[in-house]
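Asker: Pasting in a structure now, in structure tokens, and then I'll have a few things to ask.
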Amino acid sequence: MLIDPVKEGEHSSTVKEIGCYATFAEAIAAGTDGAVILPESATPETITEADVAPAARRLIGIDYDGRSYTGATRSWFADDGCSDRRTFRANMPASFNNRLTSTRAFSGCRRNDSFSGFFQTGFVVRSFPNRAYIGDRLNNQTSSKRWSGDDCCDWCCR
Numbered sequence: 101m102l103i104d105p106v107k108e109g110e111h112s113s114t115v116k117e118i119g120c121y122a123t124f125a126e127a128i129a130a131g132t133d134g135a136v137i138l139p140e141s142a143t144p145e146t147i148t149e150a151d152v153a154p155a156a157r158r159l160i161g162i163d164y165d166g167r168s169y170t171g172a173t174r175s176w177f178a179d180d181g182c183s184d185r186r187t188f189r190a191n192m193p194a195s196f197n198n199r200l201t202s203t204r205a206f207s208g209c210r211r212n213d214s215f216s217g218f219f220q221t222g223f224v225v226r227s228f229p230n231r232a233y234i235g236d237r238l239n240n241q242t243s244s245k246r247w248s249g250d251d252c253c254d255w256c257c258r
């Protein structure tokens, strides 16, 4: 998924499907517009920040349907990542709605929030930036996400 920063006054970012790929390495190559070429053996469980750092279109998050960063994944990409305190908000695509079990953030996204409702409503689990298990309340119950370069909580950074 390619995601734009949320615009002033909007509730969600513009999101574009990049595609579905046979290997994780192919997905990362497509998501970074060819800037990151991983070995075919690369997996979503083993990728590091250093692996994706050279790209202008950055990996900002991977959502997993298994605990401890395993299982099927949904990868999110954005131009320049969460630099300059950019915020990204998206509803989960139908193919991954209510499937998230663990999540990781990259490219300066220190906040990685998961919500039970669409448009960042309902219960929320905040990750700063990773969570190996989303917890019983939101396991397989996530319908929207928010990533931000701001590591403050909503109530302490006003």
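Quick note: the sequence shown uses my numbering, first residue 101, plus one each step. Here a beta-carbon is modelled for each residue, glycine too, at the ideal position from N, C-alpha and C.
(1) So, does the stretch 182-200 touch the stretch 143-155, judging by three or more C-beta pairs under 8 angstroms?
(2) Could you tell me the alpha carbon to alpha carbon distance between Thr-242 and Thr-143, rounded to whole angstroms?
(3) Look at the Cβ atom of Leu-159, then the Cβ atom of Ser-141, and state whether they are nearer than 8 angstroms.
(4) Which partner residues does Thr-242 have in the DSSP bridge list?
(5) Given Thr-114, which residues of its chain have a CB within under 6 angstroms of its CB, disregarding the five upstream and five downstream residues?
(6) Arg-204 and Asn-230 - do their beta-carbons sit closer together than 8 angstroms?
(7) For Arg-226 and Asp-236, which I take to be in contact (beta-carbon distance under 8 angstroms), what is that distance rounded to the nearest angstrom?
(8) Around the Cβ of Ser-183, are there at least 16 other Cβ atoms within 10 angstroms (buried) or fewer (exposed)?
(9) Would you kindly work out how many angstroms separate the C-alpha atoms of Glu-145 and Ala-178, rounded to a whole number?
(10) Let me know the beta strand (DSSP E) ranges lying completely inside the stretch 182-212, each 3 residues or longer, listed in chain order.
(11) How is Ala-142 classed by DSSP in three states: helix, strand or coil?
(12) How about Tyr-169 and Ala-127: do their beta carbons lie closer than 8 angstroms?
(13) Would Arg-167 and Thr-132 qualify as a contact pair, given that the criterion is a beta-carbon distance under 8 angstroms?
(14) Who are the near neighbours of Phe-196 in its chain, counting only those whose CB is closer than 7 angstroms to its CB and skipping five residues on each side?
(15) Count the other CB atoms, across all protein chains shown, that sit within 10 Å of the CB of Ile-137; report buried if there are 16 or more and exposed otherwise.
(16) Taking the straight line between their C-alpha atoms, what separation do you get for Glu-117 and Met-101?
(17) List the DSSP bridge partners of Phe-177.
Answerer: With the given structure in hand:
(1) For the pair of segments examined, the stretch 182-200 was found not to touch the stretch 143-155: the number of CB pairs separated by less than 8 angstroms stays below three.
(2) Here residue 242 is taken as the residue at index 142 of the sequence shown, counted from 1. Here residue 143 is taken as the residue at index 43 of the sequence shown, counted from 1. A straight-line Cα-Cα distance of about 23 angstroms links Thr-242 and Thr-143.
(3) As a working note, residue 159 is residue 59 in the sequence shown. As a working note, residue 141 is residue 41 in the sequence shown. With contacts defined by Cβ atoms closer than 8 angstroms, Leu-159 and Ser-141 do not form a contacting pair.
(4) Working through the sequence shown from its first residue, we reach residue 242 at position 142. Paired residues: none, contrary to the question.
(5) Locating residue 114 in the sequence shown gives position 14, counting from the first residue. Here the set comprises Asp-104.
(6) Start at 1 with the first residue of the sequence shown, and residue 230 comes out as number 130. Start at 1 with the first residue of the sequence shown, and residue 204 comes out as number 104. Less than 8 angstroms divides the Cβ of Asn-230 from the Cβ of Arg-204.
(7) On the sequence shown, position 126 is the one that residue 226 refers to. On the sequence shown, position 136 is the one that residue 236 refers to. So it is not a contact: roughly 16 angstroms between Cβ atoms.
(8) Position 83 of the sequence shown, counted from the first residue, corresponds to residue 183. Classified as exposed, Ser-183 has fewer than 16 neighbouring CB atoms from the shown chains inside 10 Å of its CB.
(9) Here residue 145 corresponds to residue number 45 of the sequence shown, with the count starting at 1. Here residue 178 corresponds to residue number 78 of the sequence shown, with the count starting at 1. Using only the alpha carbons, I get a separation of about 20 angstroms.
(10) Counting only runs of 3+ residues, the beta strand (DSSP E) found wholly inside the stretch 182-212 occupies 187-191 and 202-205, in chain order.
(11) Counted from its first residue, the sequence shown places residue 142 at position 42. Three-state result, Ala-142: coil.
(12) Here residue 169 corresponds to residue number 69 of the sequence shown, with the count starting at 1. Here residue 127 corresponds to residue number 27 of the sequence shown, with the count starting at 1. Not a contact, by the Cβ cut-off of 8 angstroms.
(13) As a first step, residue 167 is located in the sequence shown; it is residue number 67 there, counting from the start. As a first step, residue 132 is located in the sequence shown; it is residue number 32 there, counting from the start. Contact: no.
(14) Residue numbering aside, residue 196 sits at position 96 when the sequence shown is read from its first letter. Sequence-distant partners of Phe-196 (beyond 5 residues in either direction) whose C-beta falls short of 7 angstroms from its own C-beta, in its chain, are Asp-163 and Arg-174.
(15) Translated into positions along the sequence shown, residue 137 becomes position 37. Ile-137 sits exposed, since fewer than 16 C-beta atoms from the chains shown fall within 10 Å of its C-beta.
(16) Numbered from 1 along the sequence shown, position 17 holds the residue referred to as residue 117. Numbered from 1 along the sequence shown, position 1 holds the residue referred to as residue 101. Answer to the nearest angstrom: the Cα atoms are 5 angstroms apart.
(17) Residue mapping note: residue 177 aligns to position 77 of the sequence shown, counting from 1. DSSP output for Phe-177 lists Leu-102 and Leu-159 as bridge partner(s).
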